[in-house]
Every structure is written in C-alpha cells, then in structure tokens.
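Peer 1: If you scroll down you'll find the structure; I have some questions about it.
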Amino acid sequence: MILRTPEQMRELGARIAGACRPGDVVVLVGDLGAGKTTFVQGMGIGLGIAEPITSPTFVIARVHRSRTGPSLIHVDAYRLGSGLELDDLDLDTELATAVTAVEWGEQHADRLTPDRLVVSIEVAPDESRIVHLHGVGQRWADLEASSRGEEP
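Sequential numbering of the sequence shown, starting at 9, is according to this note's numbering.
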C-alpha cells in the first residue's frame, strides 16, 4: 500500500493495533526516517496510550501503559549487536501481557516469538511510503491468506 502522509502512517498503525492482542509482536523494517516510529505512534493511539511516543534509540526499550488495553513495549534494536543483548532487556516478563513493536528487529525478533507481523516500509522517490505487511507464523496466517486474495 502507498501512504502519502505521516497521518496515514499513524492511521495504519492504529488499525494494526486494533487487530493486536496481548503477546503480539510487530517488527518494523525500513531505512532511517522511513516512518517506523510514526507507525508506532499510531499503534499507541490504537492501544489507548496517552503519553507521547518517541524513538527509544538511546534507552533501547520503553513500556507505555494503556488506559484501556494492553501496554505497548517499544524497542529500538538498532544498537543491539546480538540476540543475547535483546535477551538482556528481559522483555519476557511483559511480552505475554503487552503488544511489542520492535524497530530494526528483523534479525532478532525470532528470539521473542515465532509468530510476528513484519511491517516493511520503503521510501519512494516521491517521498511517499510503500508499506508491506507480512505475517510470520500461525497467529498471522489469516493476514497472509487475505493478502494473496484467498478467503481467511
């Protein structure tokens, strides 16, 4: 899909958050400035997070508490050198009760869960964003079927 504004990216994040349940992991893939944090801001809106969501680049992970649903764990794995460093964050304690969004996590997310939604964001020459959704595992099998035009 093609998104032309940051507001559209936030709207997509909010829609995805509406389909998420506690324990879900969303992995965001894209170059610097592609819109990964903007997408997570939309997820925060969809999950009822009141506080502002900013990139956790220097703190690696932030937990945002929701007023109405599961918490949002926002991870920036850019500075992580290995999956062991991800393990050191001790995210397991809240994974089952929160929705987790991992920026730059394509190399490490399988350590968190075998089921995840991968959101790939590309910047087009006209500065719009091309977004692809790819489900990994049984949890997201219906998404995969619907993206191929099959009945879920």
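Beta carbons: idealized from backbone N, C-alpha and C, even for Gly.
Could you check whether the stretch 27 to 47 touches the stretch 131 to 145, counting it as contact only if at least three pairs of C-beta atoms, one from each stretch, sit closer than 8 angstroms?
Peer 2: Flag = yes, the stretch 27 to 47 and the stretch 131 to 145 touch.
Peer 1: DSSP state of residue 90, grouped into three classes?
Peer 2: Residue numbering aside, residue 90 sits at position 82 when the sequence shown is read from its first letter. Confidence in residue 90 is poor, its pLDDT being 49 and thus under 50, which makes the residue's placement unreliable; the coordinate value appears in the next sentence. Residue 90: coil per DSSP, three-state reduction.
Peer 1: Report back the beta-carbon spacing between residue 71 and residue 61 to the nearest angstrom; my notes put them in contact at under 8 angstroms.
Peer 2: Position 63 of the sequence shown, counting from 1, holds the residue named residue 71. Position 53 of the sequence shown, counting from 1, holds the residue named residue 61. Residue 71 to residue 61, Cβ: 11 angstroms. No contact.
Peer 1: Leaving out the 5 sequence neighbours to the left and right, which residues in its chain are closer than 6 angstroms to residue 53 when beta-carbon positions are compared?
Peer 2: Along the sequence shown, one-based indexing puts residue 53 at 45. These residues qualify, in order along the chain: 22.
Peer 1: Go ahead and pull the three-state DSSP assignment for residue 15.
Peer 2: Reading the sequence shown from its first residue, position 7 is the one you call residue 15. DSSP places residue 15 in helix when its eight states are reduced to three.
Peer 1: Per DSSP, which residues does residue 109 bridge with? Please list them.
Peer 2: As a first step, residue 109 must be located in the sequence shown, where it is residue number 101. DSSP, once it has assigned bridges, lists 34 and 82 as partnering residue 109.
Peer 1: Taking residue 120 as the reference, give the member of 78, 32, 147 and 79 with the closest Cα.
Peer 2: Your numbering for residue 120 matches position 112 in the sequence shown. Out of 78, 32, 147 and 79, 32 has the C-alpha closest to the C-alpha of residue 120.
Peer 1: Taking the beta strand (DSSP E) that residue 138 falls in, what are its first and last residues?
Peer 2: Here residue 138 is taken as the residue at index 130 of the sequence shown, counted from 1. Where residue 138 is concerned, the enclosing beta strand (DSSP E) stretches over 137 to 144.
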